[in-house]
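Participant: Protein chains in written order, with my numbering: chain A, 1 to 404; chain B, 1001 to 1383.
To start, I am sharing the structure in question, which I have written as structure tokens.
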Amino acid sequence: MAEHRSPVDGAPLVTLYDEDLPPDNSYAFSPEDLEEDEMILNMGPQHPSTHGVLRVELKTDGEIVKDARPHIGYLHRNFEKHAENIDYQGVIPFTDRMDYVGSMGNSLAYALTVEKLLGIGVGERVAGIRVITAELQRIASHLLAMGTYGMDIGAFTPFLLCFQQRERILDLFEWLCGARLLYNYNWVGGVSHDLPEGWTDKCRRFLDEFVPVLDEVDKLLSHNKIFIRRTADIGIITPEMAKDYALSGPNLRGSGIDWDLRRDDPYLGYENYDFNIVVATSPHGPVGSCWDRYFVRVREMYESVKIVRQALDRLPAEGDVHENVPRFVRPLAGEAYCRSEAPRGELAFYIVAENKKPIPYRVKGRSPCFVAMGLFHEITRGEMIADIIAIIGSLDIVLGEIDR
Amino acid sequence: MITRFRQIEMRLMGPLTMIPIVLCLVVLGTIAALPVVATILSELVADFVPAGLQRLTIVVLGTAGFVGILALNPIYSIWLERKVAAHVQDRLGPMRVGWHGLLQSFADGMKLLFKEDLVPRDADRLLFGAAPMLAVASAFAAFAIVPWGVREDGTVLAVANLNIGVLYFIAITSLGALSVLMAGWGSNNKYALYGGMRAAAQMVSYEIPTAILVLVVVAQVGSLSIPDIVNAQAGGILGVGDWLVFQLFPLNLIAFVLFFICGLAETNRTPFDIPEAESELVAGFHTEYSGMRFAFFFLAEYGNMLLVSMLAALLFLGGWIGPFGSNPLLFFIKGFGLVVVQMWLRWTLPRLRVDQLMGICWKYVIPISFFLLVVTTVIKGLL
């Protein structure tokens, strides 16, 4: 067996387990433990609203959920192991497939980490383009979250209105790099393509036309009485709980904690942009409810529009986007950890490099959705079946990122 | 080799596969033409047939006409629903099959007709098979008492001019809950079971206020017969003023709105569609159904939608009475208008949770309906 030790300090990296032990099934519910009137309900992996292939095991008493156990791993694609066999640039398409509705954010986080490892920076134009694409991606991702959340609660119309706008962002991305979902756009030290001619005008026009539609959808869904009654007092994550479970992104801010990496640990020059951090004010119930998390996302879209407008205004007219792209990526032995604010929260990569090797020794992704799933059983206990759907939707998980 | 085989197969099978399609087209075409023909015939024939047989003729032709309308109802209702949804959602909806997608539902129906008839292995085959039939039967049977007009000589255009028509309506619609419960239990699927239990609870609960609100009308008019109720609403300003919904303002208006809400709940339409809540229970009680059995549930659902809308039009909106005299067309416009309102609500509102749904019924709708019943009765008694 090969030794799994860090090339940096020689510490063991992998805990090997005994393969002869029988599999441990104690995590799943056992029918023998059920009390009278209780039933095990398997929600997923094929279910219309578990947002991918999440499987939730519910112990129910009628409509009341006594206990819930999420089972993950149905979308496990071995990303981290793959990354140990591919050169640094080649990992980027794999990162795209983690959070597949927020690909720009993933590749950005990975590129930032490798750049930190190499000790290189990017030009002002590249930084501007990265901010624009990242924020557009955030809008697209939040639109999807908003639309599907409406659908989880039973309102179908906001979903299509949101998707129309999301399509327009995807069109912009397609024009930019040829892909609509998995872009491979952020490269180490640059981006794959410069902005095409006329792209910025089209982007501005999109922003102008997008805001009224967002107002309309917001009016249609967010303040609907039924919607508020369905979401405003369930799935409460108290601020203490949010901190204990290391939540991040909109889920954390939905619990009333003012924390955003774009302001608190800025990268790509985010400190120069004028925008507000959206924190839940919870007018309809206790802080940290599903409605709060949902509404943080809605308002964050307005802030992202602000950032994109500013970035478009101050984008340098000239500049080679491949200027800093290294011919070979062969870092010295070392490690790098870099975090960034992806649409779903704090997405970070940890890379261990061997000396002058073109292949990373270890790549670890810190995924916000995986962390958010950690408190799933806490906030679902005692709720009703319909609320489980509402809670999954409000956490805005993407299984590609949880399972990797 | 495979291509060659395909060609032979196509040549052999081509004409054969056409036979059921042609047959279906003929049957559907006949059904489509029936209501029109029947209505015209019942009007025409009534003058020529001897007096003793007049009623029978009208009943037979009227039944044929109404069954035709009901069989066709889901087809154009689904088209209408998809169009309403599409325009609410800023898109076009079906556009390819026929003019503006008019034949889309025919194509879909054809597809469902030819699908394999699947029964889950552990299902209760008797209940599983009987549930869709009972659903359709209850939806269709209720239409027997729905009159759609009255002739000048006082003959009511209806399958059965029952003098306790309203009571019959309440009794028959209760069967719908049974069919949903049977489907939920018979499928042997946990989601279907949940859907069935939810549906039973919901439909049984909302039947109570429905009955009370019907009583509000009955108490004011003093008759259980629907044509009498409609005739009592004749007259007034522009032929509109004496509609029940405008009498004793705003008591009857509230009663009408509540009746419509109960109708939504009884037909499992959004915001009360929890028995088939797609995002929670996959498809609720019809999770395991496919093909024609699934289509039967749709037939029943759209039949029920139309039934509730027509009843609301008859009881509160003056049925066939309107500004241009009494006219069956007016009644159909009112009925389908309310169907469109149901669709409009469905594509605008989110869904309630099951406890909130029951809360609304027992905490608000039932007390208010009782209040309305008492107050309207007292006022009528004093006048």
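The beta carbon of each residue, even a glycine, is placed where N, CA and C say it ideally should be.
#1: Would you check if the distance between the CB atom of A/Ser222 and the CB atom of A/Ala242 is smaller than 7 angstroms?
#2: Nearest CA to the CA of B/Ala1177: which residue from B/Val1060, B/Trp1185, B/Phe1259 and B/Val1204?
#3: Look up A/Gly249 in the DSSP assignment and say whether it is helix, strand or coil.
#4: Determine, for A/Gly334, whether the minimum Cβ-Cβ distance to residues of chain B falls below 7 angstroms.
#5: Could you work out which residues of chain A lie near B/Pro1350, taking near to mean beta carbons separated by less than 8 angstroms?
#6: Can you tell me the Cα-Cα spacing of A/His284 and A/Ile389, whole angstroms?
#7: Which residues in the same chain have their Cβ closer than 7 angstroms to the Cβ of A/Gly190, if we skip the five residues on either side of it in sequence?
#8: Report yes or no: do three or more beta-carbon pairs, one from the region 1190-1197 of chain B and one from the region 1278-1290 of chain B, lie closer than 8 angstroms?
#9: List the residues of chain B whose Cβ lies closer than 7 angstroms to the Cβ of A/His47, in chain order.
#10: Let me check one thing: in DSSP terms, what residues is A/Met455 bridge-paired to?
#11: Shortest alpha-carbon distance to A/Glu167 belongs to which of A/Arg180, A/Phe156 and A/Arg330?
#12: When DSSP labels each residue in this structure, what does B/Phe1297 get in the three-state scheme?
#13: In terms of alpha-carbon separation, which member of A/Glu32, A/Ile92, A/Pro45 and A/Val329 lies closest to A/Phe349?
#14: Does any CB atom of chain B fall closer than 7 angstroms to the CB of A/Ile385?
#15: I need the straight-line Cα distance from B/Arg1346 to A/Gly52, nearest angstrom please.
#16: Is it the case that the Cβ atoms of A/Arg381 and A/Leu268 are separated by a distance below 7 angstroms?
#17: Using a C-beta cutoff of 7 angstroms, does A/Leu214 count as contacting chain B?
#18: Give the C-beta separation of B/Phe1256 and B/Ala1312 to the nearest angstrom, bearing in mind that I take them to be a contact with Cβ-Cβ under 8 angstroms.
#19: Does chain B have any CB closer than 7 angstroms to the CB of A/Ile257?
#20: Is there at least one Cβ from chain B nearer than 7 angstroms to A/Glu63's Cβ?
#21: Report the neighbours of B/Trp1347 on chain A: residues whose CB is nearer than 8 angstroms to its CB, in chain order.
#22: Check whether the region 91-109 of chain A and the region 250-266 of chain A touch, using three or more Cβ-Cβ pairs below 8 angstroms as the test.
#23: Just to make sure I have the definition right: I need the residues of chain B whose C-beta is within less than 8 angstroms of the C-beta of A/Met39. Which are they?
#24: Within the chosen definition, does the region 1070-1078 of chain B reach the region 1105-1117 of chain B through at least 3 CB pairs nearer than 8 angstroms?
#25: Pull up the distance between the alpha-carbon of A/Asp387 and that of A/Val363, whole angstroms please.
#26: Verify the CB distance criterion: does A/Met1 have a CB-CB separation below 7 angstroms to chain B?
#27: Within 7 angstroms of any Cβ in chain A, is that where the Cβ of B/Val1354 sits?
#28: Return helix, strand or coil for A/His71, following the three-state DSSP convention.
#29: Going straight from the alpha carbon of A/Asp244 to that of A/Glu63, what length do you get?
#30: Please list the terminal residues of the continuous alpha helix (DSSP H) segment that includes B/Tyr1168.
#31: Mapping the DSSP letters down to three states, classify B/Ala1137 as helix, strand or coil.
#32: List, in order along the chain, the chain B residues whose C-beta lies closer than 7 angstroms to that of A/Leu34?
#33: Which first and last residues belong to the alpha helix (DSSP H) in which B/Pro1381 is found?
Facilitator: Let me spell this out:
#1: Residue numbering aside, residue 222 of chain A sits at position 222 when the first sequence is read from its first letter. Residue numbering aside, residue 242 of chain A sits at position 242 when the first sequence is read from its first letter. No, Cβ-Cβ distance for A/Ser222 and A/Ala242 is not below 7 angstroms.
#2: One-based indexing of the second sequence puts residue 1177 of chain B at position 177. For the residues B/Val1060, B/Trp1185, B/Phe1259 and B/Val1204, the minimum Cα distance to B/Ala1177 belongs to B/Val1204.
#3: One-based indexing of the first sequence puts residue 249 of chain A at position 249. Reduced to three states, the DSSP call for A/Gly249 is coil.
#4: Within the first sequence, numbered from 1, the residue matching residue 334 of chain A stands at position 334. Judged by the 7 angstroms Cβ criterion, A/Gly334 is not in contact with chain B.
#5: Within the second sequence, residue 1350 of chain B is the residue found at index 350, counting from 1. Correct list: Gly150, Ile153, Gly154, Ala155, Leu221, Asn224, Ile226, Phe227 and Arg230.
#6: Translated into the one-based positions of the first sequence, residue 284 of chain A becomes position 284. Translated into the one-based positions of the first sequence, residue 389 of chain A becomes position 389. Using only the alpha carbons, I get a separation of about 20 angstroms.
#7: For the purposes of this step, residue 190 of chain A is identified with residue 190 of the first sequence, where counting begins at 1. Contacts found: Val122, Val126, Val321, His322, Glu323, Asn324 and Val325.
#8: A contact exists between the region 1190-1197 of chain B and the region 1278-1290 of chain B.
#9: Mapped onto the first sequence, residue 47 of chain A falls at position 47. What A/His47 touches in chain B: Val1282.
#10: No information on residue 455 of chain A is available, as it lies outside the stretch 1 to 404 that chain A covers here.
#11: Counting from one through the first sequence, the residue named residue 167 of chain A turns up at place 167. Ranking the options by Cα distance to A/Glu167, first place goes to A/Arg180.
#12: Numbered from its first residue, the second sequence carries residue 1297 of chain B at position 297. It is helical.
#13: Working through the first sequence from its first residue, we reach residue 349 of chain A at position 349. Answer by Cα proximity: A/Ile92.
#14: Looking up residue 385 of chain A in the first sequence gives position 385. Answer yes: the Cβ-Cβ gap between A/Ile385 and chain B drops below 7 angstroms somewhere.
#15: Counted from its first residue, the second sequence places residue 1346 of chain B at position 346. Counted from its first residue, the first sequence places residue 52 of chain A at position 52. Roughly 26 angstroms separates the two Cα atoms.
#16: Indexing the first sequence from 1 puts residue 381 of chain A at position 381. Indexing the first sequence from 1 puts residue 268 of chain A at position 268. Not closer than 7 angstroms, so no.
#17: Within the first sequence, the letter at position 214 stands for residue 214 of chain A. A/Leu214 does not count as touching chain B.
#18: Locating residue 1256 of chain B in the second sequence gives position 256, where the first residue counts as 1. Locating residue 1312 of chain B in the second sequence gives position 312, where the first residue counts as 1. The Cβ separation is near 7 angstroms, so the contact holds.
#19: Here residue 257 of chain A refers to the residue found at position 257 of the first sequence. With 7 angstroms as the cut-off, A/Ile257 does not count as an interface residue toward chain B.
#20: As a position in the first sequence, residue 63 of chain A is number 63, starting the count at 1. A/Glu63 counts as touching chain B.
#21: Translated into the one-based positions of the second sequence, residue 1347 of chain B becomes position 347. Near B/Trp1347 (Cβ distances below 8 angstroms), the residues of chain A are Phe156 and Thr157.
#22: no
#23: Walking along the first sequence from the start, residue 39 of chain A turns up at place 39. Per Cβ cutoff of 8 angstroms: Lys1190.
#24: yes
#25: Within the first sequence, the letter at position 387 stands for residue 387 of chain A. Within the first sequence, the letter at position 363 stands for residue 363 of chain A. Cα atoms of A/Asp387 and A/Val363: separation of roughly 36 angstroms, rounded to the nearest angstrom.
#26: The residue given as residue 1 of chain A occupies position 1 in the first sequence. In this prediction, A/Met1 has a pLDDT of 45, which is less than 50 and means its spatial position is unreliable; nothing more can be read from the coordinates.
#27: Along the second sequence, one-based indexing puts residue 1354 of chain B at 354. Answer yes: the Cβ-Cβ gap between B/Val1354 and chain A drops below 7 angstroms somewhere.
#28: As a first step, residue 71 of chain A is located in the first sequence; it is residue number 71 there, counting from the start. In the structure shown, A/His71 sits in a strand (DSSP, three-state: E or B).
#29: The sequence position of residue 244 of chain A within the first sequence is 244, counting from 1. The sequence position of residue 63 of chain A within the first sequence is 63, counting from 1. Distance between the alpha carbons of A/Asp244 and A/Glu63: 29 angstroms.
#30: Position 168 of the second sequence, counted from the first residue, corresponds to residue 1168 of chain B. Taken as a continuous stretch (DSSP letters only), the alpha helix (DSSP H) holding B/Tyr1168 covers Gly1165 to Gly1186.
#31: Working through the second sequence from its first residue, we reach residue 1137 of chain B at position 137. When secondary structure is reduced to three states using DSSP, B/Ala1137 falls in the helix class.
#32: As a first step, residue 34 of chain A must be located in the first sequence, where it is residue number 34. In chain order: nothing, as chain B lies at least about 13 angstroms away.
#33: Locating residue 1381 of chain B in the second sequence gives position 381, where the first residue counts as 1. First, the amino acid is wrong: residue 1381 of chain B is Gly here, not Pro. Element bounds for B/Gly1381: Ile1366 to Leu1382.
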